[in-house]
Amino acid sequence: MKEQIIDKITQEVMRKMNASNAEENKSKEKNICGLTEFVGTGRGDTIGLVIANVDSSVHEAMNLDKKYRSIGIIGGRIGAGPQILAADEAVKATNTEILAIELARDTKGGAGHGSLIIFGAEDVADARRAVEVALKELERTFGDVYGNEAGHIEFQYTARASYACEKAFNAPVGKSFGLVVGAPAAIGVVLADTAVKAANVEVLSYSSPNQGTSFTNEVILTFTGDSGAVRQALIAAREVGIKLLGTLGSVPVSETIPYI
Amino acid sequence: MKEQIIDKITQEVMRKMNASNAEENKSKEKNICGLTEFVGTGRGDTIGLVIANVDSSVHEAMNLDKKYRSIGIIGGRIGAGPQILAADEAVKATNTEILAIELARDTKGGAGHGSLIIFGAEDVADARRAVEVALKELERTFGDVYGNEAGHIEFQYTARASYACEKAFNAPVGKSFGLVVGAPAAIGVVLADTAVKAANVEVLSYSSPNQGTSFTNEVILTFTGDSGAVRQALIAAREVGIKLLGTLGSVPVSETIPYI
Amino acid sequence: MKEQIIDKITQEVMRKMNASNAEENKSKEKNICGLTEFVGTGRGDTIGLVIANVDSSVHEAMNLDKKYRSIGIIGGRIGAGPQILAADEAVKATNTEILAIELARDTKGGAGHGSLIIFGAEDVADARRAVEVALKELERTFGDVYGNEAGHIEFQYTARASYACEKAFNAPVGKSFGLVVGAPAAIGVVLADTAVKAANVEVLSYSSPNQGTSFTNEVILTFTGDSGAVRQALIAAREVGIKLLGTLGSVPVSETIPYI
Chain A
-14 MKEQIIDKIT QEVMRKMNAS NAEENKSKEK NICGLTEFVG TGRGDTIGLV IANVDSSVHE
46 AMNLDKKYRS IGIIGGRIGA GPQILAADEA VKATNTEILA IELARDTKGG AGHGSLIIFG
106 AEDVADARRA VEVALKELER TFGDVYGNEA GHIEFQYTAR ASYACEKAFN APVGKSFGLV
166 VGAPAAIGVV LADTAVKAAN VEVLSYSSPN QGTSFTNEVI LTFTGDSGAV RQALIAAREV
226 GIKLLGTLGS VPVSETIPYI
Chain B
-14 MKEQIIDKIT QEVMRKMNAS NAEENKSKEK NICGLTEFVG TGRGDTIGLV IANVDSSVHE
46 AMNLDKKYRS IGIIGGRIGA GPQILAADEA VKATNTEILA IELARDTKGG AGHGSLIIFG
106 AEDVADARRA VEVALKELER TFGDVYGNEA GHIEFQYTAR ASYACEKAFN APVGKSFGLV
166 VGAPAAIGVV LADTAVKAAN VEVLSYSSPN QGTSFTNEVI LTFTGDSGAV RQALIAAREV
226 GIKLLGTLGS VPVSETIPYI
Chain C
-14 MKEQIIDKIT QEVMRKMNAS NAEENKSKEK NICGLTEFVG TGRGDTIGLV IANVDSSVHE
46 AMNLDKKYRS IGIIGGRIGA GPQILAADEA VKATNTEILA IELARDTKGG AGHGSLIIFG
106 AEDVADARRA VEVALKELER TFGDVYGNEA GHIEFQYTAR ASYACEKAFN APVGKSFGLV
166 VGAPAAIGVV LADTAVKAAN VEVLSYSSPN QGTSFTNEVI LTFTGDSGAV RQALIAAREV
226 GIKLLGTLGS VPVSETIPYI
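Residue numbers (our numbering), protein chains in the order written: chain A, -14 to 245; chain B, -14 to 245; chain C, -14 to 245.
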């Protein structure tokens, strides 16, 4: 039997297997389920939901601010930074408040967090709008997440932090804000050092597997400063991060488009 | 080269690959290992074990009630609710006590818990019997766990809660008890609201990634009430849960037979 | 179409798929990235790094002993015991101190920990040397880690514990030290009991999913005693562990060479 035929068959088999994967992905897009609570889905196995009038006993058990009966919810299996930065834009754009940000130990076997973010609103239309904005922003905020088979690095930037960044990271509202993540955590230590040495920024917080994370294998540094300095720190750390994570596997890549 | 031949080969290759998977599964059934401590295995990578007379220094380090030298152990990689409800039946059926229920962050890369449950008994035969009953019950208690590539939803019900449900969830002994889980956690929020709105039940506890779970990406609601109301709440939440989780992937399915 | 041809093609496809996996592994070996911070990589997706002079604000945020400006870092996605025992040898061999040992909930979807270990040194050459020694020792310390699709068991031994074992496990410095891990945790309970019954050893600590671990699905027992007793306890537990874990899947194997 000729080598070329085997090659051709192999390719064909692989093509068909990939095709069946693609079909599986396609099925993820059928996001109409007929429930009024459902808003949409987004990157990172993220779902967006809304409850017009939360049952009072559940509301109490959730320990939410009593002012808001309508809530918007976004939560994903993969990622916390992208969802928090997306929620930050949503809060700026709508008449809502961030009631809770909770970070699971997740990423589906990866090194990081999953996320659950709850918006409060007096009017359900505002809650729904916040969820819609956040889901749409995810495409951008996943832009500077770079992964390979060994881990991931993540960079987030906003010129003007709002209430989601304040709640999650104690970021000063209205100021430039940057976030650097390295996983495995050892890489994050070097990225934190690189960022702070590259520009005149002020450290807000340093989180590690046993402190400030939900036992993720990450080191996370957050910082503030003037807009140019924050971006410079992020760009320097990103360059180093891609090289370091690459030593443990293939070249780390973004799944969307880098925005920093 | 004809398209049909390629198709046939593709099918054949896939069939053979599946066959080798099946063989792997088959090897899991060879659960005779010749150790007196071994009782059996069950769904969810669960193992059942027994120690007739725990070494005193280990017993002390485990911080167990000194009354019991014989212990039965069930522990699995995947699932906590199914194992706890199975242990609940085991406690009803045997002369044993629940000494410990510990929940790891696990499910092998999934969104939920693993479990470790320890029964105490004065006689090793009772401990062994409890483990046997629990392993057998697992087949049923996994019945209302529905999963897909994005997460899982789970529903548990008992007409008469016993000491395992009391220890794990503060369920009132002898009363109807229900449990709703949604993962990713965002789905669990809506399921909790749905359950409580569907029937007249009393909320016992609400757990979320940062409170009451081991940082799982779940929201868990437990409740009590009369038997019909508890079931009605569960059935309503289940219907919504299957739709919501389905928006993130394929149709969620149970691996065994739903019992609620 | 003849059965033999299908078989041959199937084999060929599988061979090619394996080959592409091998190539992927090979790419992991290209560990030169041109950064002075990079030292090397090792088993368990472990990376070794060094910072000659940590930025003062990061140093403060990390809450490290101010005495040391140079730090060595090893951190991996898979494993904590192997990295800690490797760091223990590194501390013996170099003029460094263990500043931090942090354990993430990781192992890439497995049942155990990842790790982050930080060495402090006055001279960066010492920090680098410690990292080099630790990375090299990993090959040995992974020797008694046995895994299969359901979990893992791990055994560690040192005739003379040093400061890494002291920091992580309260091991008495200079004395024999042993560590037994079973995952899922249920298996670890029986291994703990087996180890202590097999020889005259003194229990140092017992960790379980909810206490002393980062919510891993493990039970970990550490103990001290005379060298022969510690080894005897480990060997007895290892024999039982391989049998028990084997009931949940295939025969557990070590990826390197057992050393105990």
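Beta carbons: idealized from backbone N, C-alpha and C, even for Gly.
Nearest Cα to E87 of chain C within the set A:C18, A:Y191, A:N202 and A:N80: A:N202. What D91 of chain B touches in chain C, judged by beta-carbon distance under 7 Å, is A96 and N202, going in chain order. In the DSSP assignment, F104 of chain C forms a beta bridge with C:G57 and C:I83. Spanning the alpha carbons of G99 of chain C and A71 of chain C requires a straight line of approximately 14 Å. Close to I172 of chain B, with beta-carbon spacing below 8 Å, are these residues of chain A in chain order: I32, L34 and G60. Here F23 of chain C is actually not in contact with T143 of chain A; their C-beta atoms are around 31 Å apart, not less than 8 Å. Here T207 of chain C carries a strand assignment [DSSP, helix/strand/coil]. Per the Cβ contact rule, the stretch 153 to 168 of chain B is in contact with the stretch 206 to 222 of chain B (3 or more Cβ pairs under 8 Å).
For the stretch 205 to 219 of chain A, the set of residues with a beta-carbon nearer than 8 Å to any beta-carbon of chain C comprises L206, in chain order. Beyond the five residues adjoining it in sequence on each side, E151 of chain A comes within less than 7 Å, by CB distance, of V158 in the same chain, given in chain order. A distance below 6 Å between beta-carbons, with the five flanking residues on each side excluded, links A156 of chain A to the following residues of its chain, in chain order: A146, C150 and F162. Between T31 of chain B and G57 of chain B, the gap from beta carbon to beta carbon reaches 7 Å or more. Counting only Cβ-Cβ distances below 7 Å, A177 of chain C has contacts in chain B at V43, in chain order. G136 of chain A: member of the beta strand (DSSP E) spanning G136 to T143, first to last residue. Between P194 of chain A and L84 of chain C, the gap from beta carbon to beta carbon reaches 7 Å or more.
The shortest CA-to-CA distance from K182 of chain C to any of C:F200, C:Y148 and C:F208 is the one to C:F208. R90 of chain A sits in a strand when the DSSP states are folded into three classes. Shown here for D129 of chain A: same chain residues with a beta carbon closer than 6 Å to its own, the five before and five after excluded, namely F140, P243 and I245 in chain order. Of the candidates A:I36, A:A46, A:I17 and A:M47, the residue whose Cα lies closest to the Cα of A106 of chain A is A:I36.
A115 of chain A sits away from A180 of chain A, with the two beta carbons spaced by 7 Å or more. The criterion of a C-beta distance shorter than 7 Å is not satisfied by V39 of chain C and A75 of chain C. For V166 of chain B, the closest Cβ of chain A is not nearer than 7 Å. With 16 or more other Cβ atoms from the protein chains shown falling within 10 Å of its own Cβ, T26 of chain A counts as buried.
In the three-state reduction of the DSSP assignment, F23 of chain A falls in the strand class, which pools E and B.
Within 8 Å of the CB of V225 of chain A, the CB atoms of chain C belong to L20 and E22, in sequence order along the chain. Taken in chain order, the complete alpha helix (DSSP H) segments of 4 or more residues contained in the stretch 149 to 236 of chain B are 170 to 183 and 212 to 231. Counting C-beta atoms within 10 angstroms of its own C-beta, D73 of chain A has 16 or more neighbours from the protein chains shown and is therefore classed as buried. The Cβ of E87 of chain A sits closer than 7 Å to at least one Cβ of chain B.
For the set A:T79, A:L176 and A:G167, the Cα lying nearest the Cα of Y148 of chain A is the one of A:T79. Interface flag for S199 of chain C against chain A is set, since a Cβ pair is found closer than 7 Å. With a threshold of 7 Å between beta carbons, T26 of chain A makes contact with chain B. At least one beta carbon of chain A lies nearer than 7 Å to the beta carbon of L101 of chain C. By the Cβ neighbour-count rule, E240 of chain A is exposed, with fewer than 16 other Cβ atoms within 10 Å of its own. Beta-bridge partners of S239 of chain A (DSSP): A:Y131. T21 of chain A and T126 of chain A have their C-alpha atoms roughly 27 Å apart. According to the DSSP assignment, V35 of chain A belongs to the beta strand (DSSP E) that extends over T31 to I36.
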